[in-house]
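Listed in order, the protein sequences are those of chains A and B. Just so we're aligned, residue 1 is where the first sequence starts under our numbering, counting upward by one. Just so we're aligned, residue 1 is where the second sequence starts under our numbering, counting upward by one. Ideal placement from N, C-alpha and C gives every residue a C-beta, glycine not left out. Right, one structure below, let's go through it.
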Amino acid sequence: EAQVTQNPRYLITVTGKKLTVTCSQNMNHEYMSWYRQDPGLGLRQIYYSMNVEVTDKGDVPEGYKVSRKEKRNFPLILESPSPNQTSLYFCASSSGQGSNQPQHFGDGTRLSIL
Amino acid sequence: GENVEQHPSTLSVQEGDSAVIKCTYSDSASNYFPWYKQELGKGPQLIIDIRSNVGEKKDQRIAVTLNKTAKHFSLHITETQPEDSAVYFCAASSRSNYQLIWGAGTKLIIKP
């Protein structure tokens with residue numbers, strides 16, 4: 001089954017404790033992306049990747065890092081999480097090298113930073 | 001900067017009636033306009049999309065219309081059913097085509 005898998009689905013942690021949210025897709029998609037979703041603000045893009053070893057900042061990249069060493073994986077790293085990063089996070093992937101193709105989303109990761 | 005405005009933020013319709021959600025985009029270079037449905041506890045899922053060389057597209061009870069001159073596009077759902085209750089997002093491709101610009105979402109409530 002074609003899917004985007006995020007882990008963990010839920011995480012409660014404390015300020016400053018490094019964490020990684022993993023994202024994996026099995027559709028051989030070139031394009032992958034991370035979003036955060038906050039009430040009333042819709043989806044805001046954090047980082048995206050057009051292909052292996054090619055990443056770029058989205059609209060809200062501060063406090064986040066990403067890497068794309070393999071085509072299927074696109075982890076999101078919070079080196080020193082802060083309470084304002086409490087949010088619902090989504091990973092997405094699509095074919096091609098842009099976002100003008102349908103995006104497939106994971107089911108989300110709810111992060112709470114205390 | 002590039003932005004997409006989506007209205008209304010909440011829409012309540014009687015089961016069986018039609019629902020219309022409207023979006024306006026700012027960049028005339030946008031050429032791809034998808035609509036996503038998000039159910040509770042799930043990620044957004046594409047329900048229909050349209051490209052700038054087409055004015056209308058239909059898939060069963062769902063249709064999307066695009067007016068490039070006015071930079072408007074709309075989602076039309078006919079014969080609404082309880083399972084249509086969800087949050088709907090519109091989006092437009094950015095000038096660079098590497099990003100989507102998202103609307104803020106519309107919560108659609110179908111009243112029995």
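Using beta-carbon positions only, say whether residue i and residue j come within less than 8 Å of one another.
{"i": "residue 63 of chain A", "j": "residue 45 of chain A", "result": "no"}
{"i": "residue 31 of chain A", "j": "residue 49 of chain A", "result": "yes"}
{"i": "residue 21 of chain A", "j": "residue 93 of chain A", "result": "no"}
{"i": "residue 31 of chain B", "j": "residue 52 of chain B", "result": "yes"}
{"i": "residue 70 of chain B", "j": "residue 37 of chain B", "result": "no"}
Relative to the C-alpha of residue i, which residue among the options is closest?
{"i": "residue 20 of chain B", "options": "B:26, B:99 and B:10", "result": "B:10"}
{"i": "residue 19 of chain A", "options": "A:100, A:99, A:86 and A:95", "result": "A:86"}
{"i": "residue 94 of chain B", "options": "A:92, A:89 and A:101", "result": "A:101"}
{"i": "residue 43 of chain A", "options": "B:49, B:106, B:13 and B:112", "result": "B:106"}
{"i": "residue 41 of chain A", "options": "B:89, B:108, B:66 and B:111", "result": "B:89"}
{"i": "residue 72 of chain B", "options": "B:33, B:112 and B:1", "result": "B:33"}
{"i": "residue 25 of chain B", "options": "B:91, B:61 and B:43", "result": "B:91"}
{"i": "residue 135 of chain B", "options": "B:18, B:5 and B:55", "result": "Since the displayed chain B opens at 1 and closes at 112, residue 135 of chain B lies outside it and no answer follows."}
Who are residue i's beta bridge partners in DSSP?
{"i": "residue 7 of chain A", "result": "A:22"}
{"i": "residue 67 of chain B", "result": "B:72"}
{"i": "residue 13 of chain B", "result": "B:110"}
{"i": "residue 34 of chain B", "result": "B:49"}
Hey, could you find the ends of the beta strand (DSSP E) residue i is sitting in?
{"i": "residue 22 of chain B", "result": "19-25"}
{"i": "residue 111 of chain A", "result": "109-113"}
{"i": "residue 84 of chain A", "result": "Taken as a continuous stretch (DSSP letters only), residue 84 of chain A belongs to no beta strand (DSSP E), as it is neither H nor E."}
{"i": "residue 88 of chain B", "result": "86-93"}
Can we count residue i as close to the ligand SAH, meaning its CB is less than 7 Å from some heavy atom?
{"i": "residue 36 of chain A", "result": "The ligand content of the structure shown is nil, which means the ligand SAH is not present either."}
Please list the segments of the beta strand (DSSP E) lying wholly inside the stretch 31-87 of chain A, counting only runs of 3 or more residues, in order along the chain.
-> 31-38, 42-51, 54-57 and 76-78
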